[in-house]
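In this note's numbering, the protein residues as written are 31 to 675.
Virtual Cβ for every residue (Gly too), placed ideally from N, Cα, C.
The structure appears below as structure tokens.
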């Protein structure tokens, strides 16, 4: 019930509309319940006065018209209020779902990257689309059918009581049967619908992966295998859905059937009444009661239908509200530091970092980068280069736990003042931990400072608006090239967009397109080559005019000529900007003011190209290897007559 109560707060934002359509449902039900009383009056009062041969035609018609008009009037009033109730419910549900989707989308925009690391895209899409649609169905019908059922039940039993208390008591015996039925129904069906929604999420995840990775699927001729994978998830979803709806098909008609059987007994018991003299009921009252019992079939069906919608909506609500309930770990400070005089001085002071609080990706990283300095980060896969640059815009936060280092690994100090190493737990005593004869000192948490201020003291939007990023696999939206370049600054003028495109060496290509800057690039920029997408992404970052620029191997997909052009443009545009470049391009490495060599989450060497080559350490070895690889690649390109783009 908790998720449905939470769902109810959305239509309650529009209290007047919510109350109006529910009131319309109640009033309409009252008109529907009163109709059998017209039949009772017709049988008991009008029919006896219509005996053949008595009265004129005019008098007969005069006697028939009032009950006929009254019945038609009640029916029309029921229809009017039913229409008003349906329209009000639709309007209320639409407004409520609009608010819910807006809140969900806002929540997704505010979520940390860690949230997306732990949740599949397909599952999230299913929660904000299919599950929300299921809850909309409940908002549209659930409240109305329950209220109509309740109003009809109360009204019907009240009218029946005025006609025959004894027969009404007989029908009231159905109440415990109804409650027992509803309880069993909910207990059996809800878990199935919850599993059904989960299976649908899994199916959506597999479909999303295949659509996004279609090039990979086709490249490896894996279509048949992936179809089988989708088919497995599809069958699981089908099987659990069939099971759920089979139980639903069994339970939903059962309650109306019970009322139908009760009606049969009532007809018998009521008919016996006519054997007594005088009878307890008149013919009209008996007909009215039988008709009213027939009216009870409507709330019986509505209760079954409403319970089915409730179970589906409750299961969907549990999945959807999960998104809203996940608390963000990255929050704005109560008193943020002003960034109007942002310079771009970056300092890592003893920084350790782990993505999930377990294995540390960065180990005691300390590095000072002055404003305007160009830093090249070099290292193998898993060395921690990307983790370093992801911490600067606070995509993740520096680990704020004290740590120890034992046998080359970093371990956090838990809140209870102990350190777990394997299955053993060691207490911190006098600022250190004794492990197998080795004393490990506790190190304080590291900090990441920008302009001498901990990044956690800045508003996230303020910090990130002063940082430009170009990723190795740049993402472009299904929009025009102009919109993609101006994404960070939609208000930018055409001249500013043009200047950024020229600096990124993409302007000339854009001018060859039919619609030039208004050309739509397609989803994820599929109509552009890898190098073209990267140059558009570079133009986007440059237009944002950031103080800190992060380039994640952003020239890896361009030919040598274009790389040189971009490098020349960047050298001018980097003036006054602190720039971090993750690259294996020799030209970029040589031109960097500071080269940082990383291995296993640690900085093993740093300095200028000349200093590191003279030291003869790891960097020197890696540089020589890269030089040999480049010479081989250039030789192959010349002999084969191919370009690198």
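Answer with buried or exposed for residue i, where buried requires no fewer than 16 other C-beta atoms within 10 angstroms of its C-beta.
| i | result |
| --- | --- |
| residue 456 | buried |
| residue 295 | exposed |
| residue 214 | exposed |
| residue 390 | buried |
| residue 645 | exposed |
| residue 486 | buried |
| residue 45 | exposed |
| residue 183 | buried |
| residue 609 | buried |
| residue 92 | exposed |
| residue 32 | exposed |
| residue 437 | exposed |
| residue 482 | exposed |
| residue 671 | Bear in mind that the predicted position of residue 671 carries a pLDDT of just 49, short of 50, making it unreliable; the figure below should be weighed with that in mind. So residue 671 ends up on the exposed side. |
Compare the beta carbon distance of residue i and residue j with 8 Å and say whether it is the shorter of the two.
| i | j | result |
| --- | --- | --- |
| residue 47 | residue 115 | no |
| residue 682 | residue 416 | There is no way to answer for residue 682, as the model of the chain reaches only from 31 to 675. |
| residue 428 | residue 477 | yes |
| residue 443 | residue 451 | no |
| residue 322 | residue 186 | yes |
| residue 490 | residue 377 | no |
| residue 147 | residue 360 | no |
| residue 135 | residue 408 | no |
| residue 402 | residue 607 | yes |
| residue 37 | residue 347 | yes |
| residue 462 | residue 571 | no |
| residue 395 | residue 404 | no |
| residue 67 | residue 318 | yes |
| residue 55 | residue 199 | no |
| residue 372 | residue 496 | yes |
| residue 475 | residue 524 | no |
| residue 535 | residue 512 | no |
| residue 299 | residue 197 | yes |
| residue 229 | residue 267 | yes |
| residue 274 | residue 222 | yes |
| residue 353 | residue 157 | yes |
| residue 234 | residue 153 | yes |
| residue 162 | residue 314 | no |
| residue 171 | residue 339 | yes |
Distance, Cα to Cα, residue i vs residue j?
| i | j | result |
| --- | --- | --- |
| residue 545 | residue 569 | 18 Å |
| residue 676 | residue 547 | Outside the displayed range of the chain (31 to 675) lies residue 676, so it cannot be described from this structure. |
| residue 324 | residue 293 | 7 Å |
| residue 34 | residue 41 | 12 Å |
| residue 676 | residue 169 | In this structure the chain extends from 31 to 675, so residue 676 is not present and cannot be described. |
| residue 336 | residue 65 | 25 Å |
| residue 326 | residue 62 | 11 Å |
| residue 194 | residue 288 | 21 Å |
| residue 181 | residue 175 | 10 Å |
| residue 622 | residue 582 | 14 Å |
| residue 412 | residue 631 | 8 Å |
| residue 344 | residue 365 | 39 Å |
| residue 137 | residue 423 | 19 Å |
| residue 320 | residue 310 | 15 Å |
| residue 638 | residue 624 | 5 Å |
| residue 458 | residue 471 | 9 Å |
| residue 261 | residue 272 | 16 Å |
| residue 674 | residue 166 | Reliability of the predicted coordinates at residue 674 is poor, the pLDDT of 39 falling under 50, and no value is obtained from them. |
| residue 406 | residue 580 | 10 Å |
| residue 492 | residue 133 | 22 Å |
| residue 151 | residue 446 | 36 Å |
Residue i lies in the alpha helix (DSSP H); which residues open and close that run?
| i | result |
| --- | --- |
| residue 329 | 327-355 |
| residue 568 | 560-573 |
| residue 543 | First-last for residue 543: undefined, no H or E at that position. |
| residue 45 | 45-71 |
| residue 619 | 616-621 |
| residue 203 | First-last for residue 203: undefined, no H or E at that position. |
| residue 425 | Where residue 425 is concerned, there is no enclosing alpha helix (DSSP H), given that its DSSP letter is neither H nor E. |
In the DSSP output, which residue or residues are listed as bridge partners for residue i?
| i | result |
| --- | --- |
| residue 627 | 408, 635 |
| residue 455 | 450 |
| residue 379 | 477 |
| residue 579 | 498, 609 |
| residue 433 | 442, 473 |
| residue 550 | 510 |
| residue 484 | 479 |
| residue 468 | 465 |
Which two residues bound the contiguous beta strand (DSSP E) that contains residue i?
| i | result |
| --- | --- |
| residue 396 | 392-399 |
| residue 461 | Looking at the DSSP string, residue 461 is not in any beta strand (DSSP E), and its letter there is neither H nor E. |
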